[in-house]
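Please read the structure below before turning to the comments.
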Amino acid sequence: MRRFEGQTALITGSTHGIGLGIARRLRHEGASVVVNDQGAYDGEAIAEDLRAIDAPGDALYVEADVSNATAIRRLVDSAVSEYGQIDVLVNNVGVNSQGYLFDTDLDEWDSVFTASLRGAWLMTKYALPHMPEGSSIVNTSSTNAEMTVPSFFPYNVAKAGVDGLTRAMAVELGPLGITANAIQPGAILTDNPDEEELDQNPEIDPLGRWGRPEDIAGVAAFLASDDAGYVTGVSIPVDAGRSVSLSGSQQADLAPEWSDI
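First residue of the sequence shown? That's 1 in full-length UniProt numbering, and the numbers climb one at a time after it.
Rendered as structure tokens:
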């Protein structure tokens with residue numbers, strides 16, 4: 001099935017983990033993909049591997065920090081210069097952070113919010129003039145957006161913001177024929193887990209297994225496709241049922257002791 005033949009997808013944070021899984025899935029379905037990171041991985045080699053997939057389309061790597069407005073403009077300009085337009089935008093960049101309300105410092109707070117929220121907003125703002133009617137936006141949120149887990153204070157709040165951003169995008173961009181949705185990943189093993197990690201299945205999840213980038217990629221491809229053309233403004237948990245099963249007692253185990261504050 002090649003739902004994206006002739007289309008261009010720009011995926012931020014896409015040289016490893018969930019982002020790369022999404023890029024691979026869209027390439028297999030015929031898209032030309034623009035992959036991106038800040039230089040932590042060999043992006044050119046990854047783009048070459050994506051080009052080698054036996055499907056119509058191409059791949060381009062652009063190094064850019066998506067918390068920086070100038071870099072975002074350059075990323076968008078590179079994609080449009082190469083492929084003419086952007087049909088699918090996946091705002092995948094995010095920063096995880098552990099900490100409680102009382103011990104999170106300002107720099108950590110700003111880092112999480114800049115990556116998760118400001119980056120997604122600016123990417124969409126600058127890509128929008130190049131997105132035709134029928135385009136789609138997929139934002140990577142987290143189950144933490146709704147299932148607030150103690151000790152992940154800035155991350156919980158930022159991902160709730162991503163869900164709010166997604167709804168605001170859906171309302172404002174709907175009249176343009178552009179959909180905006182979010183995915184809330186659960187426990188995903190993103191980077192070549194060893195056998196010991198794989199044996200430690202999350203007991204709190206009804207399906208009892210770790211997720212893979214491919215699990216997220218399949219849902220992202222659906223939301224980006226015409227199959228989801230009547231779906232907008234929603235955040236879909238992809239979490240093996242974690243968001244409907246984590247008990248209050250399990251969350252309480254993660255709460256800080258008053259003596260820590």
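Glycine included, C-beta positions come from ideal geometry on N, C-alpha and C.
Selection from the options that minimises the alpha carbon distance to residue i
i, options, result
"Trp-121", "Glu-133, Leu-89 and Phe-102", "Leu-89"
"Val-171", "Val-234, Pro-132, Asp-239 and Met-1", "Val-234"
"Asn-96", "Asn-156, Ala-69, Lys-125 and Glu-133", "Asn-156"
"Ala-228", "Asp-65, Gly-177, Tyr-100 and Val-244", "Gly-177"
"Gln-85", "Phe-222, Gln-7, Leu-223 and Arg-209", "Gln-7"
"residue 267", "Ile-236, Tyr-41 and Pro-132", "Only positions 1 to 261 of the chain appear in the structure, and residue 267 is not among them; the question remains open."
"Gly-134", "Asp-107, Arg-167, Asp-87 and Thr-104", "Asp-87"
"Phe-153", "Leu-106, Tyr-230, Met-169 and Tyr-83", "Leu-106"
"Ile-137", "Thr-143, Glu-108 and Leu-173", "Leu-173"
"Ser-243", "Gly-30, Tyr-83, Leu-128 and Met-147", "Met-147"
"Pro-132", "Tyr-230, Ala-145, Ala-168 and Pro-175", "Pro-175"
Residues bridged to residue i [DSSP beta-bridge criterion]
i, result
"Tyr-126", "Note: Tyr-126 sits in no beta bridge, so no partner."
"Asn-91", "Asn-139"
"Tyr-61", "Val-35"
"Gly-241", "Per DSSP, none; premise fails for Gly-241."
"Gly-99", "Phe-152"
Residues near residue i in its chain [Cβ-Cβ closer than 7 angstroms; skip 5 each side]
i, result
"Arg-27", "Val-33, Leu-50, Ile-53, Ala-55, Gly-57 and Ala-59"
"Leu-117", "Ala-158, Gly-161, Val-162 and Leu-165"
"Ala-252", "The predicted position of Ala-252 is uncertain, since its pLDDT is 49 and thus under 50; no value can be drawn from it."
"Ser-67", "Thr-114, Ala-115, Arg-118 and Gly-119"
Whole-angstrom C-beta distance between residue j and residue i, which should lie under 8 angstroms
i, j, result
"Gln-98", "Ser-141", "So it is not a contact: roughly 18 angstroms between Cβ atoms."
"Val-62", "Ser-78", "5 angstroms"
"Asn-181", "Thr-232", "6 angstroms"
"Arg-3", "Ser-225", "5 angstroms"
Limits of the beta strand (DSSP E) - the one that residue i falls within
i, result
"Asn-181", "179-185"
"Pro-213", "That residue, Pro-213, is in no beta strand (DSSP E); its alpha helix (DSSP H) goes 213-224."
"Ile-86", "Premise fails: Ile-86 is in no beta strand (DSSP E) and is neither H nor E."
"residue 271", "This structure leaves residue 271 out entirely; the chain is present only between 1 and 261."
Cutoff 8 angstroms; reference residue i; Cβ partners in own chain excluding five residues on either side
i, result
"Ile-18", "Asn-92, Thr-140, Pro-185, Ile-188, Thr-190, Pro-213, Ile-216 and Ala-217"
"Gly-248", "At Gly-248, the pLDDT of 44 sits below 50, so the modelled position is not reliable; the number obtained from the coordinates is stated separately. Cβ within range, chain order: n/a, list empty."
"Gly-211", "Pro-185, Gly-186, Ala-187, Ile-188, Leu-189, Val-238, Asp-239 and Ala-240"
"Val-35", "Ile-11, Ser-14, Thr-15, Gly-19, Leu-20, Ala-23, Gly-43, Ile-46, Ala-47, Leu-50, Ala-59, Leu-60, Tyr-61 and Val-62"
"Arg-25", "Glu-214, Ala-217, Gly-218, Ala-220 and Ala-221"
Cβ shell of residue i (< 6 angstroms), same chain only, five flanking positions each side left out
i, result
"Leu-20", "Ser-14"
"Ser-111", "Val-95"
"Gln-38", "Asp-65"
"Arg-167", "Gly-233"
The alpha helix (DSSP H) enclosing residue i, as first and last residue numbers
i, result
"Thr-166", "153-173"
"Tyr-83", "69-83"
"Gly-45", "The sequence as given places Ala at residue 45; Gly does not occur at that position. Its alpha helix (DSSP H) spans residues 43-51."
"Leu-10", "Run containing Leu-10: none in the alpha helix (DSSP H); it sits in the beta strand (DSSP E), 8-11."
"Ser-111", "106-113"
"Ile-22", "17-28"
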